[in-house]
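Here the sequence shown stands for residues 20 to 455, numbered as in this note's numbering. Beta carbons: idealized from backbone N, C-alpha and C, even for Gly.
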Amino acid sequence: MQIPTPTPQAGLRALRALLRQRSPLAALESFHAELGDVFRPQLPSFSPVVLVGPEAGRFVLVSAREDFRWRVDNDPVTHLLRYGVLVVDGEQHDTLRRQMNPALHKRMLSGYVQAMLRATDQVCAAWQPGETRDMLVEMRKIALLIIMETLYQVDFTPQLRPLWHSVLRTIQYISPGLWLIWRGTPRPGYQRHLKQMDTYLYRIIRARRATLGATDDLLGALIDAGLDDGLIRDQLLTMLIAGHDTSTALLAWALHLLGQHPAALERARAEVRAVFGESLPDAARIAELRFMDNVLDETLRLYPPIHLSSRVAAADMQFNGYDIAAGARVLFSIYLTQRHPAYWPAAAAFVPERHAQKPAPYTFLPFGGGPRNCIGAAFAQVESKMVLARLLQRFELRAAPDQHVHAHMGATLEPRPGVRLRIIKRLPADSLTGQT
Ligand code: HEM
């Protein structure tokens, strides 16, 4: 069977939705509503097969995974990450993943909690009652400090300012853009920034090689495994980007949604104060923050930072009777699956309580699934909870008026133009630095 493609009228309706909501996701939603769970938008030289729903999730992530490739040689993400674990396949991928897993294993996480709290306190030490801050920026600072400290034992504070722009340009380099349509379009303006990131990463690797003694962080594990500097750089950059941009988006969206739902914000804050009072949050009792879990899950459902799984069909295949030819780009939409009206009543509404029940299999996949699910899922879950708990424990926050936030499709799904929150009050709390 042939995969449905949009009629010119459906294309026009999708374009209108895109312009109205300022997001290509609106166009995808419009196609999904008209064409169902399998469709193929037609753009000049880009016509991916889009699959939606739990059956498609199981197909792409588990049952047919061996028939897909992750690596697409001409994509910017491949140029950037070269042989990073995110963009290699087969044995090469499995070996890297085995080498990297221990540093992200659950048993390591309690050792990372102090660094997570320290980074949060460090960034929000500058927040003053009465001022308004963009949480997209603030959360990126926190997430960068955390990833560098936990996985590479490097204090990123001195680099926040000099490398900030390069980090953003690196992310922009791999974000969807016109290059999808006009393949081969040169991407000028990035080289200087990418080089700056490389120079920094190679410096860290050299510095670690020069120090004696084993460390069990990710950088130490890669050196111990005997990887050369180039391959280590690929993994460091992969984890730096994949490990901070996603958490930034999740935390910023969570704060946006809480800002828009003051009762939920109050309930989350009351829960944190009930569990931890004024003392530092700790890993042992974090499981007691059940409502916060629900808030984060609902945020991940509505705005999954990684909103699709992108693959290339390595062989001719069929999904539910539809023919997919070898070489086709296949996109499994996490976003549309998690808002599918057949599985999620009032799908567009923010209802944290719905996560008190386990979702149906393969309807909630913010961290992907199968053997190539997110390697940092457990890390990100502890991190987002720790950071959010600490912020709500220490501050009374309120959404700034007149915000029109839309979902921007960058390397992750980002709240643009940002999430402006007013700092209403600073509350007493034990501090890592001795100040409250
Ligand atoms: C809220 C936070 C995060 C979300 C929502 C998220 C989501 C995802 C998803 C959906 C995938 C699978 C993509 C696919 O099937 O195509 C993935 C893979 C991956 N994630 Fe995450 N991620 C998060 C945080 C992290 C963190 C903190 C790290 C690193 C410390 C990380 C590193 C990776 C890597 C390396 C892969 C590729 C794994 C492989 O191919 O074996 N992610 N992530």
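Determine whether the beta carbon atoms of residue i and residue j lie at a separation below 7 Å.
i, j, result
"R409", "R441", "no"
"V291", "Q412", "yes"
"A367", "V132", "no"
"L327", "I353", "yes"
"V424", "H212", "no"
"V142", "K160", "yes"
"F351", "V96", "no"
"T267", "A162", "yes"
"L319", "G76", "no"
"R252", "L277", "no"
"L270", "V406", "yes"
"D108", "A334", "no"
"G389", "R84", "yes"
"A430", "D264", "yes"
"S49", "A426", "no"
"P195", "M428", "yes"
"T26", "Q61", "no"
"Q118", "A244", "yes"
"A240", "A122", "yes"
"L355", "H98", "no"
"G387", "L155", "no"
"G170", "D236", "Strictly speaking, residue 170 in this sequence is Leu, with Gly absent from that position. A contact, by the Cβ cut-off of 7 Å."
"V173", "I223", "yes"
Grouping DSSP H, G and I as helix and E and B as strand, with all else coil, what is residue i?
i, result
"L350", "strand"
"D312", "helix"
"I394", "coil"
"F295", "helix"
"D235", "coil"
"T151", "strand"
"H124", "coil"
"F78", "helix"
"I224", "helix"
"F175", "coil"
"F386", "coil"
"A430", "coil"
"D107", "Inspection of the sequence shows that residue 107 is occupied by Val rather than by Asp. Correct three-state label for V107: coil."
"A365", "coil"
"L446", "coil"
"R288", "helix"
"R409", "helix"
"R41", "coil"
"R458", "There is no way to answer for residue 458, as the model of the chain reaches only from 20 to 455."
"L451", "coil"
"H359", "coil"
"R101", "coil"
"P324", "coil"
"Q400", "helix"
"Y131", "helix"
"P300", "coil"
"G278", "helix"
"L256", "helix"
"Q141", "helix"
"W272", "helix"
"W146", "coil"
"Q376", "coil"
"D264", "helix"
"S185", "helix"
"Y219", "helix"
"T114", "helix"
"T318", "helix"
"G245", "coil"
With DSSP as the reference, identify every bridge partner of residue i, one or two as the case may be.
i, result
"L70", "V57, F351"
"D342", "Q337"
"K160", "Its beta-bridge partners do not exist; DSSP assigns none."
"M20", "According to DSSP, which records beta bridges pairwise, M20 is partnered with nothing at all."
"H425", "R435"
"R417", "R441"
"V370", "According to DSSP, which records beta bridges pairwise, V370 is partnered with nothing at all."
"R330", "V349"
"L47", "In the DSSP output, where bridge partners are listed per residue, L47 has none listed."
"R88", "V331"
"L62", "F65"
Open item on the list: Does the region 62-73 come into contact with the region 332-351, if we say contact requires no fewer than three beta-carbon pairs (one atom in each stretch) closer than 8 Å?
Closed with: Touching, yes.
TODO: Kindly confirm or deny that the region 298-314 and the region 46-62 touch, where touching means at least three C-beta pairs closer than 8 Å.
DONE: Counting C-beta pairs with one atom in each stretch, the region 298-314 and the region 46-62 have fewer than three that are closer than 8 Å, which means they do not touch.
Task: Contact the region 31-42 vs the region 282-299: 3+ CB pairs below 8 Å - done: Counting C-beta pairs closer than 8 Å gives fewer than three between the region 31-42 and the region 282-299, which falls short of the contact rule.
Task: Stretch pair the region 100-117 + the region 249-266: three plus CB contacts closer than 8 Å - done: Yes: at least three Cβ pairs fall under 8 Å.
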